[in-house]
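Data first, discussion second: the structure below is written as C-alpha cells.
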Amino acid sequence: MSVLKIDDLTVNYGALTALSNVSLEIGNGEIHGLIGPNGSGKTTLCNAITGFLRQKSGEVVFNGQKISSTRAYNMASLGISRTFQDLQVFSEMTGLENVMVGYHGKSRSGVIGGIFRPPRVVREDSEIRDRAYEALESVRLAHLANRPANRMSFGQQRMLELARALVSDPLLILLDEPAAGLSPVMYERLTEILGNLRSHGKTSILLIEHVIRLVMSISDRITVLDHGEKIAEGTPEVVRKDPNVIEAYLGKAMKYVDA
Amino acid sequence: MGIDLHIVTQQVVGGLAVGCVYALIALGFTMMLRATELVNFAQGELVMSGAFIGYTLLVVTPLPYLAVFIVASILTGILGMLIERVALRPIRMRQSPLLNLIIATIGIGICLRLVSQLIWGAAPLRYPVSVGQVGHLVVAGLPMSIQHIWIIALAILSMLGLHYFFERTLPGIAWRASAYDSYTAEILGVSFDRVVTMTFGISSMLAGAAGVLIAPLFFVAQDLWLQGPRSFAGAALGQFHILGTMIGGPILGLLETFAAGYISSAYKNGIAFGVTIIVLMLVAIPRMPRGGSLVFRYGRQSIADLFELNDKQAARLRYAMSAALGVLAFLLPLLLDTYEVYLVTLILIYATGALGLQLVIGYAGAIIVGHAAFLGIGAYTSAILTVYLGVPFLPAMIAAAIVAAAFALLFGPILRLPTHFCAIATLGFGEIMHLVFINWKAVTNGMSGISGIRKPSIGSFVFGEGAPFYFLTIAVLVVVFVALQRLIKSRYGRGLIAARENELAAISMGVNVAWYRTLSFCIAAGCAGIAGSLYAHFFSYISPDSFTILQSIAFLTMVVIGGLGSFAGAVIGAFFVLGVPEMLRTLAEYRILIFGLLLVAFMMFLPGGLADLVHRLLSAFRRKEGTPDVSAASSEQNEILAANPVKNNVSS
C-alpha cells in the first residue's frame, strides 16, 4: 500500500507551468529520492504536496485520503512533516521549544486549556516536552535544549529542523536538501539518522537532494524531474543508466559518482 | 428640481481641491513605501508644520502667498531631511525591525505637535489669505470658489514638477532605480542612504505644500495632523503607485464630499479610514499571503536561565518575588496619600489593557494603533449595562470583555495585513470607533457621555474610592497577568511565538497562523474591555474624548517602552508612561514633549525597552561574577572533536 499517491499533478505560476502531469507513488517505509536540475520543480512539488501551492489539475492522495484541497496547517495533523531548503527555524525560541512546536499538529489543547491547565493539558504538555527532548537526543542536540536557535551553528540548525520534523512520528516526511552545506561530521550524522528511520520502517521519506552520493546510496526508488516533467523513475541502478537522465542532468554528475 | 447644479459644481470643485491636497500628502506615503517600506506616521505632523511655517511667513514677511507656498514647502522639506538624519538613520543603521522605525516616527510626530504648540499655541489660528483668493469665478454660469481653483492649480503644478523630477532628472531616475531594487542600484553607485534622505526631503516638501494649501480652508491647529493618516487612503486607492496616488487623492476627496453631502456628514472623517481598511484588505492580503511579521532581535533569557538556576530554585525565586510584590501591593495604600492611590489605581487600569496589547504586539508580532477603541467599547458596554439596565458589576465587566473581543473578531482579518499596513488600518479602526462613540447618540449619548456610573459592588460590598477600588483593580490585574503568563507558556503561546518567528515553518508544523493571530487580537481586546469596564466605574463618567488616538498611542508606548515580549514590561511601561509625566509636572507643558523625545530615544538607544535594561544590568552583574559564555561556533567544533560514533538512542 502506498502512503502518497500523486496523479497527473499540474501546477502553474501564472503563465509558467512549473509541474506538468507529474505522477508519483511512495510506498510505506520507502525512501524516495527526488532529483533534477535547478528549477526542475522539486521544491514546487514539495509545496504542492504540503498545501502551500494549489494545483491546476491532478490529485494528491495521502494515506487513502484526498489532500488536494487540505489547508497547509492541517497537513501536520494528518502525518506529513517537512524540512526546508533554506533554514526555517524559530530563531528566538530555544532548541527544545522549536521541537515542541513540531508536535503542534498532533496535540490539541487551546486557549482555555492553556489558561486553566486541567490535568489533561498538564499531561499533554509534559508528553510534548518528553517527546521533544527524545527527538533532540536522536539528533544529538540534547545539550543545546535551552539555547536559542539563532545561537546555534548552521549544521546544528539543520539537525534542529530534522528533530522538529521527526518529533511527531510522521507517516511521511519531506526533506528538502537536508545535506546542503553540512560539515562532514554533520553529514555522517544525517545519514545515520536516515538509516535509523529506514530500519524502523514507520516513516516514508521524500528526499530532495543535490548530493547524488546520498540519494543513490539511501533511496529505494528515485524520480527525476526536468523542466517540470518526470523523465525517469526507478531504482538507483535503473535511473543511473537511464539515457534521458544522463542527457538532462546526470551526465556530468555520473562521472563524479563513478570517480 | 432634485439636484442643484450650482451646489453640485461647488461640491465637485471643493472635493477635487481637498482631494488634490490628499494626493500631495499621499504621494509622500507612496514614495516612502516604494523606497523604504516604511509608513511615516509623522507625515501628518509635517503637513501641520508646513501650515504653521506658512502662517508665520504670511504674518511676519511681506511675501505673497505664492512665494510663501514655495518657501514653506522647502523649509518643511529641510525639516523632514533633518528628522531622517538625526533620528531615523541611527535606528536604521542598527538594522532595527520596522516596528522600531514606525514607533520612532510616532514619537517624532508627538514632538512636532508639542513644539508647534509651544511656538504657536494650542488655539486655532485663522490663515491670513490674500485678496485674490476670495470670491467666486463664474464658468458657464456655475460659480466656483477661486480659492479651490488656486489649490487645484498649485497642487497639479506640484505633481507635474514631481513627475518631471522622476522622468527627466538624474536624481529622479536614480530614485526610481533604487525604489525598484535598492541593492542593484547601490552596486551601480546609487547610495541608498541618500535615496532615503531624498525621499524624506521630497515627501516632507509635499506635506509642507499640502499644509499651506489646505490651511486657508480650515483653522490652523495641531489637529491638522490627522490629514496625514487620512490621506493614506489616497495612496491605498492608487495601489501605492506614484501615478495611481495622483488619481487616488482626488477620488478620495470626491468620495468624502459626496458621502458627507448625501449620506451622513457625521462620519465624514471616518470615510477615508474606511476606504483605507477596505482597500488594504482587498489588495494587500491577496498579494501578501505571508503577512509581514516583525523581526525581533533582542531575545531575553529568563532570569532563571541567566543565573543557571534549576527548576526548584527558579520556582523559589518566583515565589519570593511574588511575595515581595504582594506585600508591597498590600501596604501601598498605607504608604501613599489619596491622590497617589488614585493615580496608581488609574495606572493599574491602563496596565490591564496594556497587558493584552503586549500579547498581540510583543508575541503575535502585529502593530495595533487603535487599542483605545476596545477600552472604549468595554467602558460603554459596562456603563450601559449597569446604568440603564441595572446589571450588576461583575457580569457587566465580563460582558465588556466579550463585546470588545467580538469587535476584534469582526475586524480580525486586519491582522493578516503586513506590519505597517496593519498599523495604519488599526489606527483607522480606532478613529472610526471614536466617531461611532460620538455619533451613535441613541446608545452612547454622544459627546455628553454617560454619567452616574456607580462604583462597582460584588454582593453588598461596594468598592468605594481609594483603597477598596485599588484592591479590586490590582486583583483584576493579577488575574489577567497570571492568565496571560500561563497562556504564553502553553501550546497556544508556543504556536503564536513560532508564527511570529517564522510563519512558513509554523504553518507546516500545524499552527493555524491566521486564526491564532485573530485569537490573540480578541484576547487583547478582551483585556482592554475589562480595563474599560474598570475605567468607567473608576471615573463614574465616560465620554468619547477618553478613547482617542492619543490613548491608543499611550498604550502602544507602554508596551514598547516596557519592552516587547514581556508582560511585566507592559506593567512597568504603564507606570513609566503615566507616572513619569506626573513627576515632571513642574515642567508643565514640556512634559509631553519630553515624552515624545523619550519614545524616539528609546528606539535609538534601548529598543528592547525597560525590561531589556533590567536584563542588561543583570547580565552585566552576572558577567562580573565570571562564567565565560560558550559561543555557538566553538560548540560545533567541540562536538566535532568529541565526535564518536554513538548509537542513535531513540528511547521508547
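In order, the protein sequence lines correspond to chains P and Y. Per the working numbering, the first sequence starts with residue 3, numbered consecutively. Per the working numbering, the second sequence starts with residue 56, numbered consecutively. In this text, a Cβ means the ideal position worked out from N, Cα and C, and glycines have one as well. The structure presented is a predicted model; accordingly, all values stated were derived computationally and were not measured.
1. Once the 5 residues before and after Val103 (chain P) are set aside, which same chain residues still bring their CB inside 8 Å of it?
2. Taking any Cβ of chain P, which residues in the segment 549-563 of chain Y have a Cβ under 8 Å from it, in chain order?
3. Over the uninterrupted alpha helix (DSSP H) stretch that includes Thr12 (chain P), give me the two end residues.
4. Tell me the rounded alpha-carbon separation between Pro388 (chain Y) and Met148 (chain Y).
5. What would DSSP say about Ala234 (chain P), mapped onto helix, strand or coil?
6. Interface residues of chain P around Asn567 (chain Y) at Cβ under 7 Å?
7. Starting from Leu36 (chain P) and walking both ways along the beta strand (DSSP E), at which residues does that stretch end?
8. Taking C-beta pairs closer than 9 Å, name the residues in chain P that Leu542 (chain Y) reaches, listed in chain order.
9. Which partner residues does Arg223 (chain P) have in the DSSP bridge list?
10. Mind pulling the chain P residues with CB within less than 9 Å of Ser545 (chain Y)?
11. So which residues of chain P does Leu470 (chain Y) contact, with C-beta pairs closer than 8 Å?
12. In three-state terms, what does DSSP make of Asn699 (chain Y)?
13. DSSP has Pro150 (chain P) in a bridge; who is on the other side?
14. Restricting to runs no shorter than 3 residues, where is the beta strand (DSSP E) found entirely within the segment 186-217 of chain Y?
15. Can you give the Cα-Cα distance for Leu93 (chain Y) and Ile432 (chain Y), rounded to whole angstroms?
16. Counting Cβ pairs closer than 8 Å, one from the segment 577-592 of chain Y and one from the segment 406-413 of chain Y, do we hit at least three?
17. My output table needs one value for Lys68 (chain P): the three-state DSSP class, helix, strand or coil.
18. Where does Glu691 (chain Y) sit, in a helix, a strand or coil, going by DSSP?
19. Below 7 Å between beta carbons: does that hold for Phe466 (chain Y) and Ala583 (chain Y)?
20. Less than 8 Å between C-beta atoms, sequence neighbours within five positions excluded: which residues of the same chain meet that for Phe484 (chain Y)?
21. So which residues of chain Y does Val13 (chain P) contact, with C-beta pairs closer than 9 Å?
22. Spatial neighbours of Gln282 (chain Y) within its chain, please: C-beta separation below 7 Å, excluding the five flanking residues on both sides.
23. Report the neighbours of Ala460 (chain Y) on chain P: residues whose CB is nearer than 7 Å to its CB, in chain order.
24. Against chain P, does Ala379 (chain Y) count as a neighbour if the rule is that its beta carbon must be under 7 Å from one of theirs?
25. Can the beta-carbon of Val330 (chain Y) be found closer than 7 Å to that of Ala288 (chain Y)?
26. Please report the straight-line C-alpha distance between Val669 (chain Y) and Leu661 (chain Y), rounded to a whole angstrom.
27. Pull the bridge partners of Ile597 (chain Y) from the DSSP assignment, please.
28. At 7 Å on the CB atoms, spell out the chain P contacts of Ala538 (chain Y), in chain order.
29. Here's a check: name, in chain order, each residue in its chain whose Cβ is nearer than 6 Å to the Cβ of Asp278 (chain Y), leaving out the five neighbours to either side.
30. Report yes if the C-beta of Ser233 (chain Y) is less than 6 Å from at least one heavy atom of the ligand MG; otherwise report no.
31. Tell me which residues share the same chain as Ser621 (chain Y) and place their Cβ nearer than 6 Å to its Cβ, disregarding the 5 neighbours each side in the sequence.
32. Confirm, please, whether the CB-CB distance from Ser515 (chain Y) to Tyr596 (chain Y) is below 7 Å.
33. Are three or more beta carbon pairs between the segment 193-208 of chain Y and the segment 131-142 of chain Y nearer than 8 Å?
34. If we count the other Cβ atoms within 10 Å of its Cβ and call it buried at 16 or more, is Ser607 (chain Y) buried or exposed?
35. Report the rounded CA-to-CA distance for Arg200 (chain P) versus Gly53 (chain P), giving the unit in angstroms.
36. So, with DSSP's three-state summary, where would you put Gly519 (chain Y)?
With the structure as the only source:
1. Phe92, Met95, Arg166
2. Those residues of the segment 549-563 of chain Y that come within reach of chain P (Cβ to Cβ, closer than 8 Å) are Arg549, Gly550, Ile552, Ala553, Glu556, Asn557, Leu559, Ala560, Ala561, Ile562, Ser563.
3. Note, Thr12 (chain P): premise wrong, no alpha helix (DSSP H); beta strand (DSSP E) at 4-15.
4. 46 Å
5. strand
6. Tyr75
7. 33-37
8. Val113, Gly116, Ile117
9. P:His34
10. Ser111, Gly112, Val113, Gly115, Gly116, Ile117, Arg119, Val123, Asp127
11. None at all; the shortest Cβ gap to chain P is about 16 Å.
12. Unreliable placement is indicated for Asn699 (chain Y), whose pLDDT of 38 sits below 50; the coordinate value is still reported in the next sentence. The answer is coil: DSSP assigns Asn699 (chain Y) none of H, G, I, E or B.
13. P:Thr96
14. 191-194, 197-200
15. Taking the CA atoms as reference points, Leu93 (chain Y) sits about 30 Å from Ile432 (chain Y).
16. Remark: three or more beta-carbon pairs, one from each stretch, lie closer than 8 Å, so the segment 577-592 of chain Y and the segment 406-413 of chain Y are flagged as touching.
17. strand
18. Residue placement at Glu691 (chain Y) is poorly supported in this model, since its pLDDT is 47, which falls under 50; the coordinates are not used for a value here.
19. Taking 7 Å as the cut-off, the beta carbon of Phe466 (chain Y) is found no closer than this to the beta carbon of Ala583 (chain Y).
20. Phe328, Ile332, Gly425, Ala428, Phe466, Ile469
21. The premise fails here: Val13 (chain P) is roughly 16 Å from chain Y at the closest Cβ pair, so nothing lies under 9 Å.
22. Ile80, Gly99, Val102, Ile269
23. Within chain P, no residue comes near Ala460 (chain Y); the closest Cβ sits about 11 Å away, beyond 7 Å.
24. False, the Cβ-Cβ gap to chain P never drops below 7 Å.
25. yes
26. 11 Å
27. Y:Ile505
28. Ile117
29. Excluding sequence neighbours, Asp278 (chain Y) sits near nothing in its chain.
30. Looking at this structure, you won't find the ligand MG or any other ligand, since it has none at all.
31. Ala666
32. In this structure, Tyr596 (chain Y) sits away from Ser515 (chain Y), with a CB-CB distance that is not shorter than 7 Å.
33. no
34. Buried, because 16 or more other Cβ atoms sit within 10 Å of the Cβ of Ser607 (chain Y).
35. 26 Å
36. coil
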